[in-house]
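J.: The numbering of the sequence shown is my numbering, which starts it at 1072 and goes up by one.
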Amino acid sequence: MFETGDQDGCVTFNQYAQRCSGMAPCRNCRHRLAEHGAQPDGIQTDPEYHKKLLSDVFRLIQMTDEAGLQPFLELVRNGATFPEARCYLDEISQGLPTPEIASSESLREVRLRAGYEIESGAPPLRSKVMDVHYLCDSAPVKVPAKPWTTVTDDDALVSHLISLYFTWDYPFYAFADRDILIKHMQAGNLQSDFCNPYLVNALLANACHYSHYSEAYTVPGDVKTKGTDFLAEAERHMQNNRFEKGSIVRLATLQATLLLYERYSMVGDDDNGYTMLNQAIEMAEALGIINRPELNLNRSFMSEDMISSVKRTAWGLFQIDTIVHTNFLRPSLVTDVSIERIDRDASKPTDMWIAYPLNIPDRPTWLSQAFDEACHLSYIARDMSRTLSPGSDPVGNTPEQKLDLYKKLRQWEANLPATFMPRERPAPHILLLLMRYHALLINLYCDWFDGKPPFNTMTGQVAQEPSTRVADAGALKIALSSAREIASLARLHKDEYGMERAHQFAMYAILLALFAFLEQQSFNLLDHDFLSLTSAFSILAARSPVGMHLFHIFRHSVKFRLQCGKWESSVKVPEELDELFFKNTAPEIPGRWNHYAEGLQRLCDEGEYIGSLDGGWQAHAASGINDMLRKYERLSVGKSDEMHGRGESSGFGFSAE
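(1) Runs of 4 residues minimum, wholly inside the region 1260-1333: which ones carry the alpha helix (DSSP H) assignment?
(2) Can you tell me whether DSSP reads Val1708 as helix, strand or coil?
(3) Just checking my contact of Tyr1427 with Pro1211 at CB under 8 Å: how many whole Å lie between their CB atoms?
(4) Based on Cα-Cα distance, which residue from Leu1270, Leu1596 and Leu1505 lies nearest to Val1629?
(5) Rounded to the nearest angstrom, what separates Ala1151 and Leu1502 at their Cα positions?
(6) Using C-beta distances below 8 Å, list every residue in its chain close to Tyr1269, excluding the 5 sequence neighbours before and after it, in chain order.
(7) Excluding the five sequence neighbours on either side, which residues of its own chain have a C-beta within less than 6 Å of the C-beta of Ala1691, listed in chain order?
(8) Give me the Cβ distance between Met1337 and Val1708, rounded to the nearest whole Å; I'm assuming they're in contact under 8 Å.
(9) Between the Cα of Ala1498 and the Cα atoms of Ala1573, Ala1452, Ala1546 and Arg1481, which residue gives the shortest distance?
(10) Is the region 1542-1551 touching the region 1480-1495 in the sense that three or more CB pairs, one from each, lie closer than 8 Å?
(11) Determine the closest residue to Leu1275 out of Tyr1288, Cys1517 and Phe1301, with distance taken between C-alpha atoms.
(12) Could you give the uninterrupted runs of the alpha helix (DSSP H) lying entirely in the region 1576-1645, keeping only those of 4 residues or more?
(13) Which first and last residues belong to the alpha helix (DSSP H) in which Asn1367 is found?
(14) Buried or exposed for Glu1646, going by 16 or more other Cβ atoms inside 10 Å?
(15) How many angstroms separate the CA atom of Asp1161 from the CA atom of Pro1142?
(16) Bridge partners for Arg1434 per DSSP, in chain order?
(17) By Cβ distance, which residues of its chain are closer than 6 Å to His1509, with the 5 residues on each side in sequence left out?
(18) Any idea what DSSP makes of Val1408, helix, strand or coil?
(19) Whose C-beta lies closer than 6 Å to the C-beta of Lys1710 among residues of the same chain, with five residues either side of it excluded?
(20) Name the residue from Thr1223, His1564 and Arg1157 whose alpha carbon lies nearest to the alpha carbon of Pro1493.
(21) Short of 8 Å in beta carbon distance, which residues of its chain neighbour Leu1124, apart from the five on each side in sequence? Order them along the chain.
(22) Identify which residue in Asp1454, Leu1515 and Pro1435 has its Cα closest to the Cα of Glu1495.
(23) Give the DSSP-derived three-state secondary structure of Ile1352 in the structure shown.
(24) Would you mind giving the Cβ-Cβ distance between Ala1580 and Phe1442, rounded to the nearest angstrom? I have them listed as a contact below 8 Å.
(25) By a C-beta neighbour count over all protein chains shown, 10 Å radius and 16 as the cutoff for buried, is Gln1575 buried or exposed?
(26) By the three-class DSSP mapping on this structure, what secondary structure does Ile1734 have?
(27) Which residue wins for smallest C-alpha separation from Thr1605, given the options Leu1582, Glu1444, Leu1366 and Glu1137?
(28) In this structure, how does DSSP classify Asp1414 when only helix, strand and coil are distinguished?
(29) Identify whether Val1222 lies in helix, strand or coil by the three-state DSSP scheme.
(30) Is the number of C-beta pairs between the region 1465-1480 and the region 1408-1419 that are closer than 8 Å three or more?
(31) Let me check understanding here. Comparing Cα to Cα, which of Leu1252, Pro1218, Ile1233 and Asp1392 lies closest to Ser1379?
(32) Kindly list the residues whose CB is nearer than 7 Å to the CB of His1107, restricted to its own chain and excluding five residues on each side of it in sequence; keep chain order.
(33) What does the alpha-carbon distance come out to for the pair Thr1346 and Glu1590?
(34) Would Ala1351 and Leu1388 be called neighbours here (beta carbons separated by less than 9 Å)?
(35) Between the Cα of His1390 and those of Ala1452, Asp1543, His1599 and Lys1213, spot the shortest distance and give me the residue it belongs to.
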């Protein structure tokens, strides 16, 4: 018999390393036990069982070539249990030799390679044979498919996707009240003010980004088609809701618009990223919750649920606006929020973040505390965005002004709770908040790097004489220090949670850090932090069209930087790095990463590249951190029109009385 909550007795846990519901036994366990019987006693009686199994797997990989490994890999991919894998290893291990002691040279290479494997393909795809249904018992959020979407009637799939969204995406911006939204989704009321099909389908489209299952794809394995069925339905509802103006704007429609901003910025759909963000800002202004006189919602006739949801949305929008505009050195559009923030202490020490679907210990969520700290940081980012924008008054962008902003950022970090420190191994959204802080420090000095050697792809030539435009040494030092901190945070994220489901902001912070390394006169390709960032970036980049385009640009930027520097050709580098940065990478020559350039013709047509994509590889590089940001902006959110022609929003919005 099973003990209640005993994971060792759960077949779902043993076979898939997923959480059991805590019931005894869970539905999956009952189903599989009926088919196959209980697991052999050896698993539970031998405390060294899994350690020995892992050791033998390592030995097999070390001693067997690619062809010899295929039968074992196929066995695992087809859903083999631990005992089945153990049986296979026992049968073939009789003839395996004992590994010889590695030479010092090979050990050096192994250590050099450790931690920065480079990915070049789509994320791992789980087949329909091993579909999401075995996760149904462990999904922390259970919601129905109907009446919210016509794409599927599978409650298990929808619950899986909604759980992924609230685990990996939601905590970073948190622009909706999670519990209230889930409550109204579960109720299934199409007339709800808190939930509508537009919102749910937009959420499901975003959630597919975090799923490895074939059901998340329209074309299995093609990351460009992840969630496109849900997106198409959301876009149909968007057209039906396009007449919501002024006082008739529904909160759920505003939240859905923010979700589509996120979606479009991941896939790089023309200018739709900025378009959706601008629409969301207009809606919020029409409701009177941003850029308007102060509102006291407690004097309104709103329910407590509505007050909480409005606060989340207003302040979440403020964060999104300051993040995207500071990221790309544009002036933020949200001047202030007209309503008070949520209670900082709403999250209790006992409130846990559950790493669905991973089987790792829960972490304190500290969600309301992180949200409050992010709002404080957003005020600094707002001021930065208006100082650093190319169109801002140059009189305000002085060393004294930068120093004042620098001190504010450092003071913000000094005031963080001890529970947010990396040594506490906090939840991912807190690691992302720390990455955001260090990204702002790099952003603060970006304009002091422009035009500086050691490389300049806009001319395509290596400077022969020392340039008179040299970046401030202090600025470079600050940028490098923050880049190393981002590398450390990325390693922690990778070690604790993996990078496969990291929020898209992590990709921005990591790429910014990589270019901060490239800006250094003393750039070293084999720098441990640079290599670990490259590894993390390769994982993130393979999961979205924008990421693949950016990895292509990064790859050629490094290649050109090495040509402009004094890299010792005699220095031996691992094969993957040699292929990535040194071998001929012309687009017409087949290679592992060439398909990452598909779709970049748009930048060429708009003059973002010198030459065409069928020219030399130098034409694909960014000339430095500022040029990279211009390309990143164009590929993700589109062209910023600085809201030209955007008039005052009509309607009276929420009443202040």
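Idealized CB from N, CA, C, for every residue including glycine.
T.: From the atom records:
(1) Within the region 1260-1333, the runs of alpha helix (DSSP H) that reach at least 4 residues and sit entirely inside it are, in chain order, 1268-1278 and 1299-1311.
(2) In the sequence shown, residue 1708 corresponds to position 637, counting from 1. DSSP places Val1708 in coil when its eight states are reduced to three.
(3) Position 356 of the sequence shown, counted from the start, is the residue given in the question as residue 1427. Position 140 of the sequence shown, counted from the start, is the residue given in the question as residue 1211. With a Cβ gap of about 6 Å, Tyr1427 and Pro1211 count as contacting.
(4) Along the sequence shown, read from residue 1 onward, the residue named residue 1629 stands at position 558. Comparing Cα-Cα distances from Val1629 to each of Leu1270, Leu1596 and Leu1505, the minimum goes to Leu1596.
(5) Walking along the sequence shown from the start, residue 1151 turns up at place 80. Walking along the sequence shown from the start, residue 1502 turns up at place 431. Cα to Cα, the separation comes out at about 35 Å.
(6) If you number the sequence shown from 1, residue 1269 lands on position 198. If we look at Tyr1269 and ignore the five residues flanking it on each side, its Cβ neighbours are Ala1305, His1308, Met1309, Asn1311, Asn1312, Ala1323, Thr1324 and Ala1327.
(7) Stepping through the sequence shown from its first residue, residue 1691 is reached at position 620. The residue asked about is misnamed: residue 1691 is His in this sequence, not Ala. Answer for His1691: His1627, listed in chain order.
(8) Here residue 1337 refers to the residue found at position 266 when the sequence shown is read from its first residue. Here residue 1708 refers to the residue found at position 637 when the sequence shown is read from its first residue. With a contact defined as Cβ atoms closer than 8 Å, Met1337 and Val1708 miss out at about 10 Å.
(9) On the sequence shown, position 427 is the one that residue 1498 refers to. For Ala1498, the nearest C-alpha among the options comes from Ala1573.
(10) no
(11) As a first step, residue 1275 must be located in the sequence shown, where it is residue number 204. Minimum Cα distance to Leu1275 is reached at Phe1301.
(12) Counting whole runs of 4 or more residues, the region 1576-1645 contains the alpha helix (DSSP H) stretches 1599-1612 and 1616-1635.
(13) For the purposes of this step, residue 1367 is taken as residue 296 along the sequence shown, with counting starting at 1. In the DSSP assignment, Asn1367 falls outside any alpha helix (DSSP H), carrying neither H nor E.
(14) Numbered from 1 along the sequence shown, position 575 holds the residue referred to as residue 1646. Classification for Glu1646: exposed.
(15) Taking the sequence shown and counting its residues from 1, the one referred to as residue 1161 is at position 90. Taking the sequence shown and counting its residues from 1, the one referred to as residue 1142 is at position 71. Computed Cα separation, rounded: 14 Å.
(16) What you label residue 1434 is simply residue 363 of the sequence shown in a count that begins at 1. According to DSSP, Arg1434 bridges with Trp1424.
(17) Within the sequence shown, the letter at position 438 stands for residue 1509. Once the five neighbours on either side are set aside, the close Cβ partners of His1509 are Ser1553, Glu1556 and Ile1557.
(18) Walking along the sequence shown from the start, residue 1408 turns up at place 337. Correct three-state label for Val1408: strand.
(19) To locate residue 1710, count along the sequence shown from 1; it is residue 639. Correct list, in chain order: Asp1342.
(20) Looking up residue 1493 in the sequence shown gives position 422. Looking at the Cα atoms, His1564 is the closest of the given residues.
(21) For the purposes of this step, residue 1124 is taken as the residue at position 53 of the sequence shown. Excluding sequence neighbours, Leu1124 sits near Phe1153, Ala1156, Arg1157 and Leu1160.
(22) Mapped onto the sequence shown, residue 1495 falls at position 424. Taking only the C-alpha atoms, the option nearest Glu1495 is Pro1435.
(23) Residue 1352 sits at position 281 when you count from the first residue of the sequence shown. Helix, per DSSP.
(24) By 1-based counting over the sequence shown, the position of residue 1580 is 509. By 1-based counting over the sequence shown, the position of residue 1442 is 371. That pair is no contact at about 19 Å.
(25) Counted from its first residue, the sequence shown places residue 1575 at position 504. With 16 or more other Cβ atoms within 10 Å, it is buried.
(26) No answer is possible for residue 1734: the residues shown for the chain start at 1072 and end at 1728.
(27) Numbered from 1 along the sequence shown, position 534 holds the residue referred to as residue 1605. Closest by alpha carbon: Leu1582.
(28) Walking along the sequence shown from the start, residue 1414 turns up at place 343. It is coil, neither helix nor strand.
(29) What you label residue 1222 is simply residue 151 of the sequence shown in a count that begins at 1. Looking at Val1222 - three-state DSSP - the assignment turns out to be coil, as it is neither helix nor strand.
(30) No: the two stretches stay apart, fewer than three of their Cβ pairs being nearer than 8 Å.
(31) Your numbering for residue 1379 matches position 308 in the sequence shown. Ranking Leu1252, Pro1218, Ile1233 and Asp1392 by Cα distance to Ser1379 puts Leu1252 first.
(32) By 1-based counting over the sequence shown, the position of residue 1107 is 36. Confidence at His1107 is low in this model, with a pLDDT of 45, below 50, so the placement of that residue is unreliable and no value is reported for it.
(33) The count along the sequence shown starts at 1 and reaches residue 1346 at position 275. The count along the sequence shown starts at 1 and reaches residue 1590 at position 519. Their backbone Cα atoms lie some 32 Å apart in a straight line.
(34) In the sequence shown, residue 1351 corresponds to position 280, counting from 1. In the sequence shown, residue 1388 corresponds to position 317, counting from 1. Contact: yes.
(35) To locate residue 1390, count along the sequence shown from 1; it is residue 319. Reading the sequence as shown, one finds Gln at residue 1390 and not His. That would be Ala1452, whose Cα lies nearest to the Cα of Gln1390.
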